[in-house]
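So the protein lines, in turn, are chains D and C.
Under the UniProt record's numbering, the first residue of the first sequence carries the number 1, and numbering increases by one thereafter.
Under the UniProt record's numbering, the first residue of the second sequence carries the number 1, and numbering increases by one thereafter.
C-beta atoms are modelled at their ideal positions from N, C-alpha and C, and glycine is treated no differently.
The next block holds one structure in the form of structure tokens; read it before the comments.
There are 2 protein chains.
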Amino acid sequence: MIRYPNGKMYSPTNKGTTPSTQKATIDYSNRGMTLEEDLNETNEYYLVKGIAVVHKKPTPVQIVKVDYPKRSAAVIKEAYFKQASTTDYNGVYKGKYLDFEAKETKNKTSFPLQNFHEHQIQHMEQILKQNGICFVILMFTTSQEIYLLDASHLLPLWENMKKQGRKSIPKKEIETKGHLIEIGYHPRIDYIKTVDKLYF
Amino acid sequence: MIRYPNGKMYSPTNKGTTPSTQKATIDYSNRGMTLEEDLNETNEYYLVKGIAVVHKKPTPVQIVKVDYPKRSAAVIKEAYFKQASTTDYNGVYKGKYLDFEAKETKNKTSFPLQNFHEHQIQHMEQILKQNGICFVILMFTTSQEIYLLDASHLLPLWENMKKQGRKSIPKKEIETKGHLIEIGYHPRIDYIKTVDKLYF
């Protein structure tokens with residue numbers, strides 16, 4: 001278990017370049033990890049350390065046919081994927097309700113809104129009305145930057161898109177309204193540090 | 001949509017009898033409803049009315065084989081049920097994290113602890129440590145009584161059982177430490193009213 005003191009990656013070409021053109025020597029994609037796996041590892045770390053309790057919700061499945069073979073476990077023989085009515089992650093931090101969705105893009109200058117679904121956006125609205133903490137974690141895979149953006153910034157952009165407006169969030173807007181999350185080794189995506197600064 | 005003024009059922013034989021021997025004219029089991037369905041209806045009511053956002057988590061399934069037929073939806077052809085690592089319900093009420101498990105029994109004088117799993121109990125412990133609101137909803141189907149019992153009361157009973165202690169919770173203890181939830185028509189199990197009294 002190796003951890004650098006500041007949790008940041010060594011990045012020799014970083015000096016004098018803008019973050020979006022930076023090339024890190026440890027490439028995120030080369031690690032064979034997905035954003036989901038990294039968030040699961042992070043949530044496991046939070047759980048074990050008693051920092052927060054956040055789980056990814058199971059994929060919703062409509063089960064149609066189940067076989068019950070003798071002396072062995074039930075086998076689902078026919079089932080279909082259902083669209084989720086909520087976001088993927090939720091949990092508790094210091095008594096407060098925490099809710100988020102995580103998405104990644106290969107785009108360099110904007111984040112496509114089509115990554116989200118109407119149901120998820122409605123869910124985020126409901127959470128904000130209940131004074132829950134609700135945000136999205138947006139990853140630009142090329143530049144290996146991960147941002148936390150409060151749901152309150154996403155909702156008007158979504159509404160605007162539905163009125164034939166822009167179908168993506170400009171990266172500049174995410175840099176301004178969002179908050180860069182440090183990528184580390186353990187935990188890999190220490191988003192609670194950002195949550196703590198922003199909401200507590 | 002019929003709703004009685006006090007949300008209670010008409011129960012002519014109720015006078016002079018103890019709650020556990022009471023026989024209501026509208027039998028819960030005859031309504032063809034399960035506790036899960038009633039809680040889903042209740043959560044839907046809370047969602048629509050903007051009272052709280054609580055969802056049942058999807059059943060966790062380990063997907064092994066998926067077919068992708070041309071021009072139609074993906075079909076899961078082989079999958080297995082996984083044991084849940086959390087409770088079934090969670091959400092947000094007035095900014096606070098809410099978490100619970102709901103179970104029913106046909107027993108009249110006690111509630112079997114085997115209705116719960118070690119993983120769920122551990123999850124409840126973790127939620128309490130994060131100052132989340134965590135409880136169980138226990139239904140005695142025969143007497144049609146539903147109680148809310150804070151998880152802090154359940155945990156020591158579970159520990160005691162593991163040390164060869166009692167395998168069930170005496171109903172008297174649930175009556176003392178728990179809180180009776182009103183059964184109504186819409187919503188059917190108005191547990192938020194009890195949550196509001198207890199935790200806010």
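Anticipated Cβ contact below 8 Å, residue i with residue j, distance rounded
i: Ile133 (chain C); j: Leu39 (chain C); result: With a Cβ gap of about 16 Å, Ile133 (chain C) and Leu39 (chain C) do not count as contacting.
i: Lys171 (chain C); j: Ser110 (chain C); result: 6 Å
i: Leu155 (chain C); j: Ile127 (chain C); result: Contact doesn't hold; Cβ gap of about 11 Å is too wide.
i: His117 (chain D); j: Leu148 (chain D); result: Rounded, the Cβ-Cβ distance is 20 Å, inconsistent with contact.
i: Lys82 (chain C); j: Gln62 (chain C); result: 5 Å
i: Ala84 (chain D); j: Pro60 (chain D); result: 6 Å
Proximal chain B residues relative to residue i, where beta-carbon distance stays under 8 Å
i: Pro60 (chain C); result: In the displayed structure, chain B is absent; the protein chains listed are D and C.
Proximity winner among the options, relative to residue i (alpha-carbon distances)
i: residue 207 (chain D); options: D:Leu113, D:Val195, D:Tyr191 and D:Ala84; result: Any property of residue 207 (chain D) remains undetermined from this structure, which presents chain D solely from 1 to 200.
i: Asp67 (chain D); options: D:Pro58, D:Pro60 and D:Ala79; result: D:Ala79
i: Val92 (chain C); options: C:Ile51, C:Ile174, C:Gln144 and C:Lys129; result: C:Ile51
i: Met124 (chain C); options: C:Pro58, C:Thr87 and C:Ala73; result: C:Thr87
i: Lys57 (chain C); options: C:Leu35, C:Tyr89 and C:Ala73; result: C:Tyr89
i: Lys167 (chain C); options: C:Glu44, C:Ser85 and C:Gln114; result: C:Gln114
i: Val136 (chain C); options: C:Gln83, C:Ala84, C:Ser143 and C:Val195; result: C:Val195
i: Met139 (chain D); options: D:Trp158, D:Ile174, D:Gln130 and D:Lys94; result: D:Ile174
i: Lys65 (chain C); options: D:Lys70, D:Lys77 and D:Arg71; result: D:Lys77
i: Ser143 (chain C); options: C:Gln83, C:Ile183, C:Val53 and C:Arg71; result: C:Ile183
i: Ser152 (chain D); options: D:Lys162, D:Met161, D:Lys129 and D:Lys163; result: D:Lys129
i: Val53 (chain C); options: D:Arg71, D:Asn131, D:Ile181 and D:Tyr45; result: D:Asn131
i: Trp158 (chain C); options: C:Phe200, C:Ile181, C:Tyr46 and C:His119; result: C:His119
i: Lys193 (chain D); options: D:Glu36, D:Met33 and D:Tyr46; result: D:Tyr46
i: Glu36 (chain C); options: C:Lys163, C:Thr141 and C:Lys162; result: C:Thr141
i: Asp150 (chain C); options: C:Lys162, C:Ala73 and C:Ile181; result: C:Ile181
Residue i: first and last residue of the uninterrupted beta strand (DSSP E) it sits in
i: Tyr68 (chain C); result: Here Tyr68 (chain C) belongs to no beta strand (DSSP E), and DSSP marks it neither H nor E.
i: Ala102 (chain D); result: Lys96 to Thr105
i: Asp150 (chain D); result: Glu145 to Asp150
i: Ile133 (chain D); result: Ile133 to Phe140
i: Lys56 (chain C); result: Val53 to Lys56
i: Ser110 (chain D); result: Ser110 to Pro112
Buried or exposed by the 16-neighbour rule on C-beta atoms within 10 Å, applied to residue i
i: His186 (chain D); result: exposed
i: Lys96 (chain C); result: buried
i: Gly165 (chain C); result: exposed
i: Leu198 (chain D); result: exposed
i: Lys55 (chain D); result: First, the residue type needs correcting, since residue 55 (chain D) is His and not Lys in the sequence shown. Under this definition His55 (chain D) is a buried residue.
i: Val48 (chain D); result: exposed
i: Ile26 (chain D); result: Low confidence applies here, because Ile26 (chain D) scores a pLDDT of 42, under 50, leaving its location unreliable; read the following figure in that light. Exposed: under 16 other Cβ atoms inside 10 Å.
i: Asn160 (chain C); result: exposed
i: Asn43 (chain C); result: buried
i: Ala73 (chain C); result: exposed
i: Thr21 (chain D); result: Note that Thr21 (chain D) scores 37 on pLDDT, short of 50, meaning its location in the model is unreliable; the coordinates nonetheless yield the value given after this. When all chains shown are included, Thr21 (chain D) counts as exposed.
i: Phe200 (chain D); result: exposed
Unbroken alpha helix (DSSP H) run spanning residue i, endpoints
i: Asn40 (chain C); result: Leu35 to Lys49
i: Tyr163 (chain D); result: Reading off the sequence, residue 163 (chain D) comes out as Lys, not Tyr. Per DSSP, Lys163 (chain D) belongs to no alpha helix (DSSP H) and is neither H nor E.
i: Tyr199 (chain C); result: Tyr191 to Tyr199
i: Leu128 (chain D); result: Glu118 to Lys129
i: Glu182 (chain C); result: Looking at the DSSP string, Glu182 (chain C) is not in any alpha helix (DSSP H), and its letter there is neither H nor E.
i: Lys77 (chain C); result: Per DSSP, Lys77 (chain C) belongs to no alpha helix (DSSP H); it is in the beta strand (DSSP E), Val75 to Phe81.
i: Thr87 (chain C); result: Note, Thr87 (chain C): premise wrong, no alpha helix (DSSP H); not H, not E.
i: Thr176 (chain D); result: Lys171 to Lys177
Exercise. Are the segment 93-105 of chain D and the segment 99-114 of chain C in contact at 8 Å, needing three or more beta carbon pairs?
Worked result: no
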